[in-house]
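Quick note, the sequences are listed as chains E and F, same order.
Each step along the first sequence adds one to the number in my numbering, with nothing skipped, and position 149 is 149.
Each step along the second sequence adds one to the number in my numbering, with nothing skipped, and position 123 is 123.
Don't be surprised by glycine CBs; every beta carbon is placed ideally from N, CA and C.
For clarity, every value in this text was computed on a predicted model and none was experimentally measured.
Number of protein chains: 2
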Amino acid sequence: MAIERKNLRSQVRDELLTRMRTGDVQPGEGINEVQLAAELGVSRTPLREALIALESEGQIESQNGKGFRFVPLSKSEFEELAPILATLEALALRLSPAEQLTEIGKRLTTLAESFRDERVQHSLVITKDEEWHGIMVSACPNRRLVAMIEATRDAFHRYESLLVPNDVMVERVAAEHAAIARALASGDVDAAVVALEANWMHGMRRILDNTTSAYFTD
Amino acid sequence: MAIERKNLRSQVRDELLTRMRTGDVQPGEGINEVQLAAELGVSRTPLREALIALESEGQIESQNGKGFRFVPLSKSEFEELAPILATLEALALRLSPAEQLTEIGKRLTTLAESFRDERVQHSLVITKDEEWHGIMVSACPNRRLVAMIEATRDAFHRYESLLVPNDVMVERVAAEHAAIARALASGDVDAAVVALEANWMHGMRRILDNTTSAYFTD
DNA sequence: CCAATGTATTCTGTATACAGTAAGCGTAAG
DNA sequence: CTTACGCTTACTGTATACAGAATACATTGG
């Protein structure tokens with residue numbers, strides 16, 4: 001196997017993303033660069049580069065003289081992400097060749113079933129979910145679109161992993177995915193799009209309704 | 001008036017964007033950091049930070065040991081951007097309060113007319129166009145969506161400004177915008193969305209057909 | 001006692017220094 | 001003559017150093 005060659009800034013970026021997801025960092029928390037750099041065992045340079053990358057992905061924000069801070073979880077932003085994702089993924093399906101979609105639908109069906117069976121721990125649910133959606137849009141030839149979807153999904157997952165208890169999420173993900181996969185497998189893209197949109201919105205709504213908003217700022 | 005306080009990295013970012021638009025840099029050209037930094041009169045640090053930001057916006061790409069390069073203009077990528085923008089802006093309109101849209105429609109109508117009259121030079125067309133679209137989506141409460149639209153439009157405009165002769169673009173922009181504005185003013189969002197999508201796609205298509213692909217890599 | 005201004009400290013933003021890797025070139029071996 | 005290996009050069013990736021701004025605190029005047 002080829003040995004992975006990654007620069008520090010991308011490793012730092014990944015680490016920060018997982019910390020945001022596992023709740024190791026307080027939403028809205030200010031970032032002390034020297035302290036965090038020391039904690040990560042790197043210098044400020046790759047840390048700052050990672051922060052800047054995350055900033056233009058919308059995961060972190062900065063004010064001029066005051067440095068960076070993890071964006072506070074806001075109910076409204078979470079609500080904003082769902083329709084964007086639904087729309088983008090719907091577009092991705094529409095742009096995908098129909099014959100590949102039915103093929104993909106079959107693969108996704110089996111994969112969705114495996115979700116329920118496995119006892120997966122917290123972090124893995126997200127990983128699995130990303131894998132699933134990655135496959136779903138893999139037939140879309142619009143690479144730019146796929147990249148945008150992934151970045152947006154990252155942001156969404158931050159909320160999901162912080163707000164949703166593990167078992168609930170497993171169940172939700174499995175159910176949603178099965179419906180979408182079935183539609184795709186049967187060649188009905190329109191139905192898949194409808195299921196997709198409904199599920200993003202319902203999922204988001206249900207999460208919000210069941211959440212005591214301890215995390216939220218608004 | 002409040003004095004603007006900007007850090008170097010954002011100024012560098014802006015400068016690089018305009019250079020990409022005016023064609024001062026060769027598409028696909030590799031970036032020599034020390035040389036470019038000296039040319040801009042800054043150190044490598046803010047330059048690299050700007051490059052990293054632009055990279056996660058998709059305007060620049062990098063390979064691990066080889067540094068950054070301006071993304072080559074690719075016909076396929078230009079084709080990819082149009083449907084994304086059409087879809088996102090359509091969503092923005094759909095999410096906007098109807099009553100504000102008719103109001104905006106009126107403002108846009110007059111603004112669109114002023115396009116044809118004024119003899120504007122190259123760079124200003126893009127500026128005007130951005131202003132116009134900015135107003136169009138200004139009623140959309142989904143801030144995240146608006147930010148995504150702006151970043152994507154930046155990428156699109158790079159192609160437009162490099163490929164389209166000034167006078168042609170003025171005419172195209174004016175005509176397109178008038179149609180959309182009329183639909184909005186009359187309260188017909190669906191019609192506006194249709195016009196919007198048609199115009200993005202037609203515009204892109206017409207530009208591609210009329211372009212001797214000297215710039216393109218594919 | 002409160003407010004306002006001066007001062008110290010901390011942290012960001014930027015510059016510079018250092019190390020390691022990749023590409024180019026020449027030379028030697030087949 | 002061609003190819004492969006080693007060397008040199010140049011540039012990236014990372015670390016450190018420095019300067020200036022922001023904040024907290026103290027001190028002084030009302």
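Checklist entry - Which partner residues does F:ARG69 have in the DSSP bridge list? => result In the DSSP assignment, the residues bridged to F:ARG69 are F:GLY30 and F:GLU61.
Checklist entry - Quick one: is E:SER10 near chain F, going by C-beta distance under 7 Å? => result no
Item to check | E:ALA198 versus F:TYR215: straight-line alpha-carbon distance, rounded | outcome: Each residue's alpha carbon lies about 42 Å from the other.
Item to check | Pairwise C-alpha distance: E:SER96 and E:ALA185 | outcome: 14 Å
Next on the checklist: Assuming F:PRO46 is part of the alpha helix (DSSP H), what are its boundary residues?
Outcome noted: 44 to 56
Item to check | Beta-carbon gap between F:VAL25 and F:ARG19 smaller than 7 Å | outcome: A contact, by the Cβ cut-off of 7 Å.
Checklist entry - Going along chain F, which residues have a C-beta under 8 Å from E:ASP64? => result Residue 64 of chain E is actually Asn in this sequence, not Asp. Within 8 Å Cβ-Cβ: ARG5, LYS6 and ASN7.
Item to check | Neighbour list for E:THR109 in chain F, Cβ cutoff strictly below 8 Å | outcome: Result: empty, since nearest Cβ-Cβ is about 27 Å, beyond 8 Å.
Checklist entry - Is it right to say F:GLY65 is buried, meaning 16 or more other beta carbons lie within 10 angstroms of its own, or is it exposed? => result exposed
Item to check | Option nearest E:VAL296 by Cα separation, candidates F:ASN210, F:LEU36 and F:ILE84 | outcome: Given that chain E is displayed from residue 1 to residue 218, the structure contains no residue 296 of chain E and the question cannot be resolved.
Checklist entry - Given that F:ASN142 touches chain E, what residues does it touch there, using C-beta distances under 8 Å? => result GLU80, PRO83 and ILE84
Checklist entry - On the premise that E:LEU47 lies in contact with E:GLU54, defined as a C-beta separation below 8 Å, what is that separation, rounded to the nearest angstrom? => result In the sequence on display, residue 54 of chain E carries Leu and not Glu. Incorrect: roughly 11 Å between the Cβ atoms, too far for contact.
Next on the checklist: Tell me the DSSP secondary structure of F:SER114 in three-state form.
Outcome noted: Helix.
Next on the checklist: Just to confirm before moving on: does the CB-CB distance between F:ASP218 and F:LYS6 stay below 7 Å?
Outcome noted: Their beta carbons are not under 7 Å apart, which means F:ASP218 does not touch F:LYS6 by this criterion.
Checklist entry - Would you call the CB atoms of F:ALA178 and F:ALA90 closer than 7 Å? => result no
Checklist entry - Got a sec? Which residues, its chain only, sit under 6 Å from E:ARG9 by beta carbon, not counting five neighbours each side? => result Once the five neighbours on either side are set aside, the close Cβ partners of E:ARG9 are PRO46, GLU49 and ALA50.
Checklist entry - Which class does F:ASN199 belong to by DSSP, given the choice of helix, strand or coil? => result DSSP, read as helix, strand or coil, puts F:ASN199 in helix.
Checklist entry - By Cβ distance below 6 Å, which residues in the same chain neighbour F:ASN142 in space, the five residues on each side in sequence not counted? => result LEU95
Checklist entry - For the alpha helix (DSSP H) that E:PRO141 lies in, which residues bound it at each end? => result For E:PRO141, no alpha helix (DSSP H) encloses it, and the DSSP letter there is neither H nor E.
Checklist entry - Nearest to E:GLU130 by CA position, among E:THR211, E:ALA37 and E:ALA174, is which residue? => result Of the candidates E:THR211, E:ALA37 and E:ALA174, the one whose C-alpha sits nearest the C-alpha of E:GLU130 is E:ALA174.
Checklist entry - chain F partners of E:GLU57, CB-CB under 7 Å? => result SER56
Item to check | Distance between F:ALA195 and F:ILE126 (C-alpha atoms, nearest Å) | outcome: 20 Å
Checklist entry - What does F:THR87 reach in chain E if we use C-beta pairs closer than 7 Å? => result THR87 and LEU91
Next on the checklist: Quick check on E:PHE78: does DSSP put it in helix, strand or coil?
Outcome noted: Residue state, collapsed to three classes: helix.
Checklist entry - Taking E:PHE69 as the reference, which of E:GLY203, E:ASN32 and E:ALA37 has the closest Cα? => result What sits at residue 69 of chain E in the sequence shown is Arg, not Phe. Closest by alpha carbon: E:ASN32.
Checklist entry - Would a check of beta-carbon distances place F:LEU17 closer than 7 Å to chain E? => result Not one chain E Cβ lies under 7 Å of F:LEU17.
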